[in-house]
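> First, the structure itself, so that you have it in front of you.
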Amino acid sequence: MDFKKQKPIYQQIADTLCERIVGGELPAEERMPSVRDVAIQLGVNPNTVMRTFEYLQQAEIIYNKRGVGYFVSPDASDRILALHRKEFIEEELPAFLQKIKLLGLTLDDIAKMQ
Amino acid sequence: MIDIKNFSFAYSKTPVFDNIDLQFEKGSIYGLLGENGVGKTTLLKVISGLLKPTAGSCEVEGRKSFDREPEFLESIFLLPDELPLPDSATPERFFNEMAVFYPNQNLDMFHHLAQELQIDPSRKFKEMSFGQQKKSLLAGALALNTDYLLLDEPTNGLDIPSKADFRRILSERVGTGQTIIISTHQVKDVENLIDPIIIISNNSVLLNASVERITEKLFFEYGGQQRPDALYSEMMPGGFLNVLVNDGMGESQINIEGLFNAVLRNQSTVRTMFV
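Taken in sequence, the protein lines are chains D and E.
Residues in the first sequence are numbered consecutively from 1190, following our numbering.
Residues in the second sequence are numbered consecutively from 462, following our numbering.
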């Protein structure tokens, strides 16, 4: 079955941080804002932001310097792009294909529109 | 830690809680939810030592609440929804006098928070609106800096910008080791703040789980079709909100109102899910 998803808050926060990285506001090797500051800024529970940081660390978009804080990985932008591609292929694309089928369109029709 | 064991409470012959167990771990912001009259305020009064359990026990850091030992009393503060306020008093004077009983209090923090919430602590309570009184009390309660802070409907009467200020100020407290319990009906005001979430009803505790655990067990679908197997469905713009048993569907964004209704309508299912 195909479920309409809404990402959990910790991933939504991850997305906004990723945008700031890709947009150049947080370049490679830049120090990340602290968990506390992000939480206060957004008015969310810091445990949620902690999960965001763990998630980004696991995706190797940021890394932890023990006792210093989190930093943007050198290849963070590439990794974010790869992650977005994977997300698109796994989640958005199936929904998109379903929709064009529903509307009686074919991939050829779409190709012609470009 | 707050440890409630085999706890029962009744007002003369009206039972409110019947043999419940409930634990609050240190350092979290708990959301205490329940329908009108299920005993949220009663529970807060029991924890803070104002009411005596009819049976069983309620201990905070190993001390029975109702014994009201000085070490216990200085470690906990309950901010009720409505407080009889001395008309001629100002928040400043009120909390200066309270501060004597709370060794960790920080009156600088009180003035700082008052400024952040845009209230004048030297104005008399009787000259303030309900919302301004509420904000003054909130600033004071936070500045008493107790290990345990119990807030009964803290966002009642707050204007829209103050609600965001409230969330910000509260999220600042995590990591200080303070344990906060917020009892509320205004779940939208605290949606991304409270974690874990406790739901009480019918003399018992229906749920006490972290948001992570809840989204592991339940899936919240937004804008889909109405699903017959949903624990709870509700119309929303663009389709239905469905609360479903999470059968490998991954994580989703929690919706506390949906959660509340799903839990209330499927009490035994939910209980076995979260054992």
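Glycine included, C-beta positions come from ideal geometry on N, C-alpha and C.
Since the structure is predicted, the reported quantities are computational estimates derived from the model, not experimental observations.
(1) Taking Cβ-Cβ distances shorter than 8 Å, what residues in chain E pair up with D:Thr1237?
(2) DSSP state of E:Met589, grouped into three classes?
(3) Can you list the residues of chain D that E:Ser713 reaches, using a CB-CB cut of under 7 Å?
(4) For the beta strand (DSSP E) holding E:Met697, just list the boundary residues, first then last.
(5) Output yes if chain E places a C-beta closer than 8 Å to the C-beta of D:Ile1278; else output no.
(6) To the nearest angstrom, how far is it from the Cα of E:Lys474 to the Cα of E:Leu574?
(7) Have a look at E:Glu514 and E:Asn727 and give me their C-alpha separation to the nearest angstrom.
(8) The alpha helix (DSSP H) spanning E:Asn727 covers which residue range?
(9) With DSSP run on the structure shown, which of helix, strand or coil describes E:Phe735?
(10) Using the DSSP secondary-structure output, state which residues sit across from D:Arg1220 in a beta bridge.
(11) Using the beta-carbon of each residue, which ones in chain D are nearer than 8 Å to E:Thr676?
(12) Need the endpoints of the alpha helix (DSSP H) that D:Phe1242 sits in, please.
(13) For D:Met1190, count neighbouring Cβ atoms within 10 angstroms of its own Cβ and tell me buried if that reaches 16, exposed if not.
(14) The stretch 1252-1282 of chain D: which residues have C-beta closer than 7 Å to a C-beta of chain E, in chain order?
(15) Taking the alpha-carbon of E:Glu682 as reference, which of E:Tyr693, E:Arg674, E:Glu673 and E:Val672 has the nearest alpha-carbon?
(16) With distances taken from CA atoms, which of E:Gly684, E:Glu614, E:Arg688 and E:Leu511 is nearest E:Pro698?
(17) Using the beta-carbon count (16 or more within 10 Å), is D:Tyr1199 buried or exposed?
(18) What's the gap between the Cα of E:Ala471 and the Cα of E:Ser526?
(19) On the CB-based measure, 16 or more other CB atoms within 10 Å of its CB, does D:Leu1286 come out buried or exposed?
(20) List the endpoints of the continuous beta strand (DSSP E) containing E:Asp479.
(21) Report the neighbours of D:Gly1212 on chain E: residues whose CB is nearer than 9 Å to its CB, in chain order.
(22) With a threshold of 6 Å on Cβ separation, who are the neighbours of E:Ile658 within its own chain once the five nearest residues in sequence on each side are excluded?
(23) Which same chain residues end up closer than 7 Å to E:Phe591 when comparing Cβ atoms and leaving out the 5 residues on each side of it in sequence?
(24) Extract the residue ranges of the alpha helix (DSSP H) inside the stretch 548-580 of chain E, only unbroken runs of 4 or more that lie entirely within it.
(25) So, with DSSP's three-state summary, where would you put E:Val666?
(26) Would you mind telling me which residues of chain D sit closer than 7 Å to E:Tyr683, beta carbon to beta carbon, in chain order?
(27) Which residue marks the beginning of the beta strand (DSSP E) containing E:Lys513, and which one marks its end?
(28) If we call anything under 8 Å between Cβ atoms a contact, is D:Val1257 one with D:Glu1218?
(29) Between which two residues does the beta strand (DSSP E) harbouring E:Thr640 extend?
(30) Per DSSP, E:Phe681 forms a beta bridge with which residues?
(31) Looking at chain E, is there any beta carbon in it that lies within less than 8 Å of the beta carbon of D:Leu1291?
(32) Figure out for me which residue from E:Val635, E:Ser623 and E:Glu673 has the closest Cα to the Cα of E:Asp650.
(33) Within its chain, find whatever has a CB closer than 8 Å to the CB of E:Gly638; leave out the 5 residues flanking it on each side and keep chain order.
(34) Are any of the Cβ atoms in chain E nearer than 8 Å to that of D:Ala1228?
(35) For E:Ile655, which of helix, strand or coil comes out of DSSP?
Judging by the given coordinates:
(1) Here residue 1237 of chain D is taken as the residue at index 48 of the first sequence, counted from 1. Those within 8 Å of D:Thr1237 in chain E are Asn653, Asp656 and Val672.
(2) On the second sequence, residue 589 of chain E is found 128 positions in, with the first residue counted as 1. In this structure, E:Met589 counts as coil in the three-state DSSP scheme.
(3) The count along the second sequence starts at 1 and reaches residue 713 of chain E at position 252. In chain order: Lys1194, Gln1195 and Pro1197.
(4) Within the second sequence, the letter at position 236 stands for residue 697 of chain E. Tyr693 to Met697 is the extent of the beta strand (DSSP E) around E:Met697.
(5) Position 89 of the first sequence holds residue 1278 of chain D. Chain E, which has no Cβ nearer than 8 Å to the Cβ of D:Ile1278, makes this no.
(6) On the second sequence, residue 474 of chain E is found 13 positions in, with the first residue counted as 1. On the second sequence, residue 574 of chain E is found 113 positions in, with the first residue counted as 1. One C-alpha to the other measures close to 43 Å.
(7) What you label residue 514 of chain E is simply residue 53 of the second sequence in a count that begins at 1. What you label residue 727 of chain E is simply residue 266 of the second sequence in a count that begins at 1. In the sequence on display, residue 514 of chain E carries Pro and not Glu. In a straight line, the C-alpha of E:Pro514 is about 28 Å away from that of E:Asn727.
(8) Residue 727 of chain E sits at position 266 when you count from the first residue of the second sequence. Where E:Asn727 is concerned, there is no enclosing alpha helix (DSSP H), given that its DSSP letter is neither H nor E.
(9) Reading the second sequence from its first residue, position 274 is the one you call residue 735 of chain E. Of the three classes helix, strand and coil, the one that applies to E:Phe735 here is coil, per DSSP.
(10) Stepping through the first sequence from its first residue, residue 1220 of chain D is reached at position 31. D:Arg1220 pairs with D:Phe1260.
(11) Along the second sequence, one-based indexing puts residue 676 of chain E at 215. Result: Pro1197.
(12) For the purposes of this step, residue 1242 of chain D is identified with residue 53 of the first sequence, where counting begins at 1. Where D:Phe1242 is concerned, the enclosing alpha helix (DSSP H) stretches over Pro1235 to Gln1247.
(13) What you label residue 1190 of chain D is simply residue 1 of the first sequence in a count that begins at 1. In this predicted model, D:Met1190 has a pLDDT of only 45, less than 50, meaning its place in the structure is not dependable; the value taken from the coordinates is given anyway. Classification of D:Met1190: exposed, given that the 10 Å Cβ count is below 16.
(14) none
(15) Reading the second sequence from its first residue, position 221 is the one you call residue 682 of chain E. Of E:Tyr693, E:Arg674, E:Glu673 and E:Val672, the residue nearest in Cα terms is E:Tyr693.
(16) Start at 1 with the first residue of the second sequence, and residue 698 of chain E comes out as number 237. Nearest C-alpha to E:Pro698: E:Gly684.
(17) Here residue 1199 of chain D is taken as the residue at index 10 of the first sequence, counted from 1. D:Tyr1199 comes out buried.
(18) Here residue 471 of chain E refers to the residue found at position 10 when the second sequence is read from its first residue. Here residue 526 of chain E refers to the residue found at position 65 when the second sequence is read from its first residue. Each residue's alpha carbon lies about 17 Å from the other.
(19) The residue you call residue 1286 of chain D lines up with position 97 of the first sequence. The residue is exposed, with fewer than 16 neighbouring Cβ atoms inside 10 Å.
(20) By 1-based counting over the second sequence, the position of residue 479 of chain E is 18. Counting along the chain, the beta strand (DSSP E) containing E:Asp479 begins and ends at Thr475 to Phe485.
(21) For the purposes of this step, residue 1212 of chain D is taken as the residue at position 23 of the first sequence. Those within 9 Å of D:Gly1212 in chain E number zero; the least Cβ separation is about 24 Å.
(22) In the second sequence, residue 658 of chain E corresponds to position 197, counting from 1. Within the same chain, E:Ile658 has close Cβ partners Gly492.
(23) Reading the second sequence from its first residue, position 130 is the one you call residue 591 of chain E. Excluding sequence neighbours, E:Phe591 sits near Gly618.
(24) 552-559 and 568-577
(25) As a working note, residue 666 of chain E is residue 205 in the second sequence. Here E:Val666 sits in strand by DSSP.
(26) Residue 683 of chain E sits at position 222 when you count from the first residue of the second sequence. What E:Tyr683 touches in chain D: Lys1193 and Gln1195.
(27) Sequence index remark: in the second sequence, residue 513 of chain E carries index 52 (1-based). Per DSSP, E:Lys513 belongs to no beta strand (DSSP E) and is neither H nor E.
(28) Position 68 of the first sequence, counted from the first residue, corresponds to residue 1257 of chain D. Position 29 of the first sequence, counted from the first residue, corresponds to residue 1218 of chain D. No, Cβ-Cβ distance for D:Val1257 and D:Glu1218 is not below 8 Å.
(29) The residue labelled residue 640 of chain E in the question sits at position 179 within the second sequence. Thr640 to Ser644 is the extent of the beta strand (DSSP E) around E:Thr640.
(30) Within the second sequence, the letter at position 220 stands for residue 681 of chain E. Answer is E:Val704, bridged to E:Phe681.
(31) For the purposes of this step, residue 1291 of chain D is taken as residue 102 along the first sequence, with counting starting at 1. It does not; no Cβ of chain E falls within 8 Å.
(32) As a position in the second sequence, residue 650 of chain E is number 189, starting the count at 1. If we check each option's Cα against that of E:Asp650, E:Ser623 comes out closest.
(33) Within the second sequence, the letter at position 177 stands for residue 638 of chain E. If we look at E:Gly638 and ignore the five residues flanking it on each side, its Cβ neighbours are Lys487, Gly488 and Asp608.
(34) For this step, residue 1228 of chain D is matched to residue 39 along the first sequence. Output row for D:Ala1228: interface = yes.
(35) Along the second sequence, read from residue 1 onward, the residue named residue 655 of chain E stands at position 194. Note: E:Ile655 maps to coil in three-state DSSP.
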